[in-house]
Amino acid sequence: MSGWWIAFQGIVAREVLRFVHQRERFLGALVRPLVWLFVFAAGFRAALGIAIIPPYETYIPYETYIVPGLIGMIQLFNGMQGSLSMVYDREMGSMRILLTSPLPRGFLLLARLLGGVVVSVLQVAAFLLIVRLYGIDLPGWAPLTVLPALLLNGLMLGALGMVLASTIRQLENFAGVMNFVVFPLFFLSSALYPLYRMEEAGPLLWWLCSLNPFTHGVELIRFALYGQLDGLALAVVASATLLFAALAVRGYSPARGMGSRAPSAAG
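Per the UniProt record's numbering: the sequence shown = residues 1 to 267.
Structure below.
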């Protein structure tokens with residue numbers, strides 16, 4: 001077990017150190033949500049009134065509503081950044097070397113996944129500090145109660161990123177696949193608009209948003225910020241995490257993507 005623990009520490013520490021030394025990545029992770037908070041929220045404030053919906057007990061400004069969605073945005077893009085790193089490592093050989101160790105592939109991928117989650121939590125912590133300085137009112141205990149939700153949501157999005165890494169064979173194809181996944185996940189969710197607004201726009205749009213696992217990740221974070229638990233969101237995020245993780249472990253290969261056939265013995 002000591003060998004497993006040492007390997008786990010090494011993989012997680014590697015991810016954190018890579019993040020610390022890449023200041024542009026840290027700034028880039030904060031620029032996207034801060035632009036939405038400072039610029040777009042100011043424009044949408046007058047057009048979008050938010051009714052009293054759980055977990056809120058009174059009317060809230062639009063900036064308060066989108067904070068959980070922007071936290072989800074940080075974790076979503078971090079998960080996609082992690083999948084890009086996995087594709088890069090597969091092409092350059094570092095993951096191939098790592099997977100030659102006697103430790104199970106699932107354990108190594110889980111350790112890599114948890115390293116990415118730790119990085120996303122650090123990014124969210126910096127964002128919450130800016131949010132508080134900006135004057136958005138959040139409960140004092142919010143950083144503690146939201147931590148389990150951040151860990152679970154980060155695992156789900158990181159596992160989804162690993163599934164993408166399993167399907168992408170070349171680094172050049174990553175940008176197109178990421179845009180095809182990231183933008184529908186983000187905009188077809190409750191990150192920017194309440195679900196009842198989507199229902200007013202049309203039942204099909206509401207249905208798509210309700211089936212989106214990212215919606216439930218955002219709602220899990222939203223309720224956790226106020227010390228509450230959304231049981232449906234927890235069940236959906238946990239189930240999606242297990243599904244994505246199983247697909248990633250089954251499909252990831254340092255030499256080929258998911259769905260490709262292994263070379264025959266004659267070849």
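The beta-carbon is built from N, C-alpha and C at its ideal position, and this holds for glycine as well. Note that the coordinates shown come from a computational prediction; the quantities given were computed from them, not determined experimentally.
query                                                                                                     : result
Reference GLU57; option with closest CA among ARG25, PRO33, PRO139 and LEU150                             : PRO139
DSSP three-state assignment for GLN22, whether helix, strand or coil                                      : coil
Candidates GLY72, PRO102 and LEU155: closest to PHE183 by CA position                                     : GLY72
Pairwise C-alpha distance: ARG197 and SER239                                                              : 26 Å
Beta-carbon gap between LEU109 and MET162 smaller than 8 Å                                                : yes
Proximal residues to THR145 (C-beta, below 6 Å), its chain only, five neighbours per side dropped         : ALA224 and GLY227
Of the listed residues VAL67, VAL121, GLY116 and LEU204, nearest to PHE40 (C-alpha basis)                 : VAL67
Where PRO263 sits in the DSSP three-state scheme                                                          : Note that PRO263 scores a pLDDT of 41, beneath 50, so its modelled location is shaky; the value from the coordinates is reported in the next line. Of the three classes helix, strand and coil, the one that applies to PRO263 here is coil, per DSSP.
Beta carbon of LEU220 nearer than 8 Å to that of ALA233                                                   : yes
Classification of ASP230 by the beta-carbon crowding that lies within 10 angstroms, buried from 16 upward : buried
Proximity winner among VAL121, LEU103, VAL249 and ALA126, relative to LEU160 (alpha-carbon distances)     : VAL249
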